[in-house]
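Residue numbers (the working numbering), protein chains in the order written: chain A, 1 to 111; chain B, 112 to 225. A virtual CB, placed ideally from N, CA and C, is assigned to each residue, including glycine. Structure, as structure tokens:
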């Protein structure tokens, strides 16, 4: 079945440093989504990427979808303590609408 | 405000008990999902439903069943709870279609099976 791998599992940064998490799928995806889960909270949708090579920005967050639609990344510029949480990618295959989540990257930020 | 409500935030059950986890959404979404979340394993899909009375197995359906009698309600049933089903259970809903967009999650139900 479809598998979505996400690295790294953990990342600790100093406030102001950049952060990137990577997502790779075993199969071509129709789209990929990113979610953020704050400690003690539930996942909250950040964005969806659909097109090959797509790049989207939300303030300090930059999301990319690979040309082959099998990988994606989330980059945060100049992290802040409010960025703390677990970031999940979630991919949807072409023939169904089931979302498969990566295991997530836990980001901690030292002030 | 969109809302997905899970009936219990915390439950403690004994091995062998039947457990019902209820989820209600007020957004008229066709699709509803049950995931479990475990440390280091991320979110794993148990079952999902794309319409009333319709259901499909996810990646880890063993030991679980579901019920969708009304569009707004999706129930997860553990017929005979076991200790390895101790976990955080997350319900989610979303619009129908091949590119359905975002999922809205409930607050989660933390189940402990003794």
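{"Check": "Rounded straight-line distance, which links the Cα of residue 158 of chain B to that of residue 172 of chain B", "Outcome": "6 Å"}
{"Check": "Given residue 220 of chain B as reference, the closest of B/162, B/126, B/214, B/199 once Cα atoms are compared", "Outcome": "B/199"}
{"Check": "Beta strand (DSSP E) runs wholly inside the stretch 87-111 of chain A, at least 3 long, in chain order", "Outcome": "99-101, 105-110"}
{"Check": "Short-range partners of chain A found in the stretch 147-173 of chain B, where Cβ spacing is below 9 Å", "Outcome": "148, 151, 152, 153, 154, 155, 156, 159, 161, 167, 169, 170"}
{"Check": "Cutoff 9 Å: residue 19 of chain A Cβ touching any chain B Cβ", "Outcome": "no"}
{"Check": "is_contact[residue 99 of chain A, chain B] using C-beta, thresh 9 Å", "Outcome": "yes"}
{"Check": "As assigned by DSSP and simplified to three states, the class of residue 209 of chain B", "Outcome": "Low per-residue confidence applies at residue 209 of chain B: pLDDT is 49, beneath 50, and the placement is therefore not dependable enough to give any value."}
{"Check": "C-beta atoms of residue 116 of chain B and residue 192 of chain B nearer than 9 Å", "Outcome": "no"}
{"Check": "Minimum Cβ-Cβ distance from residue 63 of chain A to chain B less than 9 Å", "Outcome": "no"}
{"Check": "CB-CB length for residue 135 of chain B against residue 122 of chain B, believed under 8 Å", "Outcome": "Rounded, the Cβ-Cβ distance is 17 Å, inconsistent with contact."}
{"Check": "Outcome for residue 225 of chain B when other beta-carbon atoms lying within 10 angstroms are tallied against a minimum of 16", "Outcome": "exposed"}
{"Check": "Of the residues B/187, B/180, B/164, B/162, the one placed nearest residue 174 of chain B, counting alpha carbons only", "Outcome": "B/187"}
{"Check": "Under 9 Å by beta carbon: chain B residues contacting residue 103 of chain A", "Outcome": "151, 152, 153, 154"}
{"Check": "Buried versus exposed, by CB contacts within 10 Å (16 or more), residue 142 of chain B", "Outcome": "buried"}
{"Check": "Delimiting residues of the beta strand (DSSP E) encompassing residue 75 of chain A", "Outcome": "71-76"}
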